[in-house]
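Engineer: Numbering (our numbering), first residue to last: 45 to 390.
Quick one: the structure is below, questions incoming.
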Ligand code: SP5
Ligand code: ZN
């Protein structure tokens, strides 16, 4: 038995093609075929598909700066009209707050300077379909929220591009809009709080952490590879950021199932007082994923599902990372099956 999953073809329109890493244009890993692969596994396993429904911007603007949203909406059109030598929007100069002594930076006249107001890395390129796909991913997440608010105990948002690295005003880490955070905001607006977000993507959910910092109505927990061992997002994801409503559980590279599941268990205990749950489901902690070294197995993902399912909370699962096209579909199916098992066997 699997939960319903929400889908939009528009999520396939984002084709980043490349990531600029250490100044070199390398092939993109966050590809449209990721979502196609996951959907294929879900359908083969008998999960029911629900078409995404368009939602207005209210939940989106509850988490993001309108200036970021407007930039992303217009970025490709402005860039392509400027006849620049790059076929993707990419920053080259960054409007750091220290650069302007904390003052609001001037609105740059040059189109090619504008990404530096909103991007925090060079890896997250914008092309012709990026806005449509990122906005569709929000609709997929919000449609999954609709299902859960409507009485489904569990629903899965099969969306991309991912979102958990996006803060209120800054995009990066292959993410443009924070789908998981938008889902949490929508749940908070439409059901009893507090809400919890448990992020089991291999990378720290830095955007989500910063979005809900200091809030007592949204608890955040993230299990991820130790940024102190040299991993993205490098500057965040440490226990020093923990407080009553935020728990970072960094793990050493090569941690494998037992240590990873112990951290997932701690995250589950931390969020247990919540009334509804968002799972930011990255399957890039799995062995064989090209973007992380955590070496978790498919059985480990199923057990993580059981642990989180045993909380017995209404749960929206939102897809984040996972880059091994051969295994991401089965990993998502295992996790969702584990969530169902945990919920029904507790
Ligand atoms: C959502 C998500 O999982 N985002 C993770 C983004 C991490 N990207 C960091 C990339 C670090 C450099 N990797 C080299 C690959 C060059 N193509
Ligand atoms: Zn990740």
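Every residue gets a Cβ at the ideal spot worked out from N, C-alpha and C, and that includes glycine.
Predicted, not measured: the structure shown is a model, and the values here were computed from it.
Using a Cβ-based criterion (distance less than 7 Å to any ligand heavy atom), does residue 246 qualify as near the ligand ATP?
Structural biologist: This structure does not include the ligand ATP; its bound ligands are the ligand SP5 and the ligand ZN.
Engineer: Can you check DSSP and say which residues form a bridge with residue 268?
Structural biologist: Bridge partners of residue 268: 294.
Engineer: If you follow the beta strand (DSSP E) that residue 65 is in, where does it begin and where does it stop?
Structural biologist: Segment 62–65, the beta strand (DSSP E) holding residue 65.
Engineer: Express the C-alpha separation of residue 208 and residue 119 in angstroms, rounding to a whole number.
Structural biologist: Going by the C-alpha atoms only, they are around 21 Å apart.
Engineer: Check residue 142 in the structure and name its three-state DSSP category.
Structural biologist: DSSP places residue 142 in coil when its eight states are reduced to three.
Engineer: What does residue 215 pair with, by DSSP beta-bridge criteria?
Structural biologist: According to DSSP, which records beta bridges pairwise, residue 215 is partnered with 163.
Engineer: Out of curiosity, what's the CA-to-CA distance linking residue 300 and residue 369?
Structural biologist: About 20 Å.
Engineer: Quick one, which of 178, 219, 384 has its alpha-carbon nearest residue 352's?
Structural biologist: Here the closest residue by C-alpha is 384.
Engineer: What did DSSP end up calling residue 240 once you bin it into helix, strand or coil?
Structural biologist: Correct three-state label for residue 240: strand.
Engineer: Could you give the distance in angstroms between the alpha-carbon of residue 346 and the alpha-carbon of residue 322?
Structural biologist: Rounded to the nearest angstrom, the two C-alpha atoms are 17 Å apart.
Engineer: Quick one: residues in its chain with C-beta nearer than 7 Å to the C-beta of residue 348, no 5 flanking neighbours on either side, listed in chain order?
Structural biologist: Closer than 7 Å at Cβ, skipping near neighbours: 244, 305, 308, 379, 382.
Engineer: To the nearest whole angstrom, what separates the beta carbons of residue 186 and residue 227, a pair I think is in contact under 8 Å?
Structural biologist: Contact flag correct, Cβ pair sits at about 7 Å.
Engineer: For a test of your reading of the model: does the CB of residue 328 fall under 7 Å from any non-hydrogen atom of the ligand SP5? Yes or no.
Structural biologist: Yes, the Cβ of residue 328 comes within 7 Å of a heavy atom of the ligand SP5.
Engineer: Do you know offhand how far residue 149's Cα is from residue 259's?
Structural biologist: Cα to Cα, the separation comes out at about 28 Å.
Engineer: Just checking residue 67 against the ligand SP5 - is the residue's beta carbon closer than 7 Å to any of the ligand's heavy atoms?
Structural biologist: No, the ligand SP5 has no heavy atom inside 7 Å of this Cβ.
Engineer: Quick check on residue 311: does DSSP put it in helix, strand or coil?
Structural biologist: Of the three classes helix, strand and coil, the one that applies to residue 311 here is helix, per DSSP.
Engineer: So, for residue 302: in the same chain, excluding its five sequence neighbours on each side, which residues have a beta-carbon less than 8 Å away from its beta-carbon?
Structural biologist: Hits under 8 Å: none found.
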